[in-house]
Amino acid sequence: MAKKGNRVQVILECTEHKATGLPGMSRYITTKNKKNTTERLELKKFNPVLKKVTVHKEIK
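Position 4 of the sequence shown, counted from 1, bears residue number 4 in this note's numbering, the numbering being contiguous throughout.
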């Protein structure tokens, strides 16, 4: 039987990449607890296209 829980998969997308106009997109998949974290997730992650650490926000 499958586990029932509050953890959901979310997609994080780079915020700075859109403004540059470069091709491609930096995205990461992670999980969060929907009950404890109701607002959108925002983490600093490495963007391989820009070659630096940027802010990634949850989409959808």
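Beta carbons are placed, not taken as given, at the ideal position from N, Cα and C, and that holds for glycine.
Here the structure is a predicted model, which is why all the values come from computation and not from measurement.
- Using a C-beta cut-off of 8 angstroms, the segment 13-21 makes no contact with the segment 32-39, since fewer than three inter-stretch Cβ pairs fall below that distance.
- For Ser-26, the closest alpha carbon among the candidates Lys-60, Gly-5 and Lys-45 is that of Lys-45.
- Note: His-56 is bridge-paired with Cys-14 and Leu-43 in the DSSP secondary-structure output.
- In the structure shown, Thr-20 falls within a helical segment according to DSSP collapsed to helix, strand and coil.
- Per DSSP, reduced to three states, the secondary structure at Lys-32 is strand.
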